[in-house]
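Asks: Submitted below is the structure of interest, expressed as structure tokens.
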Amino acid sequence: MQQYFRDIFVSIWTVLIGMRITFMHMFKPTVTIQYPDVRRPIPERARNRLYVNMDDCIGCLQCDLACPVNCFEIETVKSLPTDDLGMTSTGQKKKLWVTEFTIDIGKCCYCGLCTYPCPTECIKMTDVYEFSEYKRHDLIYNYVTLTQGEISEVKAKAAEMEKEAAAKKAAAAAAAKAAAPAGMVPVVAKPATPTVASTPKPVATTTAKPVEAVTETVPAQNTQPTNTQA
Numbered sequence: 029m030q031q032y033f034r035d036i037f038v039s040i041w042t043v044l045i046g047m048r049i050t051f052m053h054m055f056k057p058t059v060t061i062q063y064p065d066v067r068r069p070i071p072e073r074a075r076n077r078l079y080v081n082m083d084d085c086i087g088c089l090q091c092d093l094a095c096p097v098n099c100f101e102i103e104t105v106k107s108l109p110t111d112d113l114g115m116t117s118t119g120q121k122k123k124l125w126v127t128e129f130t131i132d133i134g135k136c137c138y139c140g141l142c143t144y145p146c147p148t149e150c151i152k153m154t155d156v157y158e159f160s161e162y163k164r165h166d167l168i169y170n171y172v173t174l175t176q177g178e179i180s181e182v183k184a185k186a187a188e189m190e191k192e193a194a195a196k197k198a199a200a201a202a203a204a205k206a207a208a209p210a211g212m213v214p215v216v217a218k219p220a221t222p223t224v225a226s227t228p229k230p231v232a233t234t235t236a237k238p239v240e241a242v243t244e245t246v247p248a249q250n251t252q253p254t255n256t257q258a
């Protein structure tokens with residue numbers, strides 16, 4: 029009978045020894061989190077995926093010039109005088125159509141250099157750090173808000189405006205030429221004379237002749253004193 033109760037005690041004691049660690053951590057706070065359902069907060073100024081607010085973009089290309097890895101592809105078209113592109117949130121008037129604005133996130137090194145020179149602060153670093161894709165092409169983000177039809181229309185109007193400006197310039201040049209006096213001959217610039225490097229002339233060297241010894245004969249003089257009479 030005593031052995032029976034001893035076996036029961038040993039069985040319970042061994043279970044308690046095995047569950048000791050479990051019981052110790054049962055009342056402690058959790059160490060891990062249920063990722064990805066729960067995420068730890070990241071620093072406020074963390075540099076992760078870029079975001080561009082196209083309503084504030086003026087097409088200045090400052091971000092493209094600052095990027096060290098050339099992950100930007102930006103194309104702008106000059107607007108017509110009759111176009112109203114609106115204003116940015118900072119009160120700056122928009123003068124360029126942005127027909128292309130893509131960022132290759134696969135190239136981005138998250139340096140943040142593109143965000144500093146932006147005059148309207150339309151490009152920012154976000155807290156999104158999970159954006160893996162199965163295809164490399166899906167990492168190229170397009171931020172343009174214009175449709176393909178609107179882009180084609182904008183480019184056609186810009187080409188027509190350039191064509192009209194070139195025609196006006198040619199007509200003004202023809203009118204100026206016709207208004208010139210008949211006897212007036214247009215001055216044609218003379219072609220520049222090529223500079224030819226002159227060859228230095230050889231300098232003649234003269235050999236000094238030896239000076240011959242010249243013997244000069246001096247006539248003998250009367251060295252006797254002259255008597256002066258008082």
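So for the sequence shown, my numbering puts the first residue at 29; every next one is plus one. Don't be surprised by glycine CBs; every beta carbon is placed ideally from N, CA and C.
#1: Please check the pair V126 and C85, which I expect to be a contact at CB under 8 Å, by giving their CB distance rounded to whole angstroms.
#2: Which parts of the region 127-155 are runs of the beta strand (DSSP E), unbroken and 3 residues or longer, counting only runs that do not cross its ends?
#3: Under a Cβ-count criterion, where at least 16 other Cβ atoms within 10 Å of its own Cβ denotes burial, should K122 be classed as buried or exposed?
#4: The alpha helix (DSSP H) that contains Y32, what's its start and end?
#5: Leaving out the 5 sequence neighbours to the left and right, which residues in its chain are closer than 8 Å to Y139 when beta-carbon positions are compared?
#6: Measuring CA to CA, which of P64, Y171, Y157 and V66 is closest to E103?
#7: Decide yes or no for the touch test of the region 186-198 against the region 143-154: beta carbon pairs closer than 8 Å, at least 3 of them.
#8: Run through DSSP, which three-state label would K56 get?
#9: Where R68 and E158 are concerned, what is the direct C-alpha to C-alpha distance, given to the nearest angstrom?
#10: When DSSP labels each residue in this structure, what does V97 get in the three-state scheme?
#11: By DSSP, does L167 sit in helix, in strand, or in coil?
#12: Quick one: residues in its chain with C-beta nearer than 6 Å to the C-beta of V38, no 5 flanking neighbours on either side, listed in chain order?
#13: Residues bridged to L78 by DSSP?
#14: Excluding the 5 residues flanking V80 on each side, which residues of the same chain have their C-beta closer than 7 Å to its C-beta?
#15: Are G134 and C99 closer than 9 Å when you measure CB to CB?
#16: Give me, in chain order, the residues of the same chain whose beta-carbon lies closer than 7 Å to that of L167; leave out the 5 immediate sequence neighbours on both sides.
#17: Quick check on DSSP: helix, strand or coil for M172?
#18: Beta-carbon within less than 7 Å of A248's beta-carbon, same chain only, minus the 5 sequence neighbours each way: which residues are those?
#19: Under 9 Å between the Cβ atoms of T154 and L78?
#20: Can you give the Cα-Cα distance for I40 and G46, rounded to whole angstroms?
#21: For E161, which three-state DSSP category applies?
#22: Would you grab the beta carbon distance between L89 and K106 for me? Rounded to a whole angstrom, and I think it's under 8 Å.
Replies: According to the structure data:
#1: 6 Å between Cβ atoms; contact.
#2: You should have 151-153.
#3: Buried is the label assigned to K122, since at least 16 other Cβ atoms lie within 10 Å of its Cβ.
#4: Per DSSP, Y32 belongs to the alpha helix (DSSP H) from Q30 to G46.
#5: According to the sequence displayed, residue 139 carries Cys and not Tyr. Contacts found: R75 and P96.
#6: In terms of Cα proximity to E103, the closest of P64, Y171, Y157 and V66 is Y171.
#7: No: the two stretches stay apart, fewer than three of their Cβ pairs being nearer than 8 Å.
#8: In the structure shown, K56 adopts coil according to DSSP, grouped into three states.
#9: Take the alpha-carbon of R68 and the one of E158: they are about 13 Å apart.
#10: In this structure, V97 counts as coil in the three-state DSSP scheme.
#11: Helix, per DSSP.
#12: Excluding sequence positions up to five before and after V38, its CB lies less than 6 Å from no other CB in the same chain.
#13: DSSP, once it has assigned bridges, lists M153 as partnering L78.
#14: If we look at V80 and ignore the five residues flanking it on each side, its Cβ neighbours are F129, C150, I151 and Y171.
#15: In this structure, C99 lies closer than 9 Å to G134 by Cβ.
#16: Only D132, I133, G134 and E161 meet the Cβ criterion.
#17: The sequence as given places Val at residue 172; Met does not occur at that position. When secondary structure is reduced to three states using DSSP, V172 falls in the coil class, being assigned neither helix nor strand.
#18: Only weak support is given to the placement of A248: the predicted model assigns it a pLDDT of 44, under 50, and the value that follows is read from those uncertain coordinates. Same-chain partners within the cutoff: there are none.
#19: When the beta-carbon positions are compared, T154 and L78 come within less than 9 Å of each other.
#20: When the Cα atoms are used, I40 and G46 turn out to be separated by approximately 10 Å.
#21: In the structure shown, E161 sits in coil (DSSP, three-state: anything other than H, G, I, E or B).
#22: That pair is no contact at about 13 Å.
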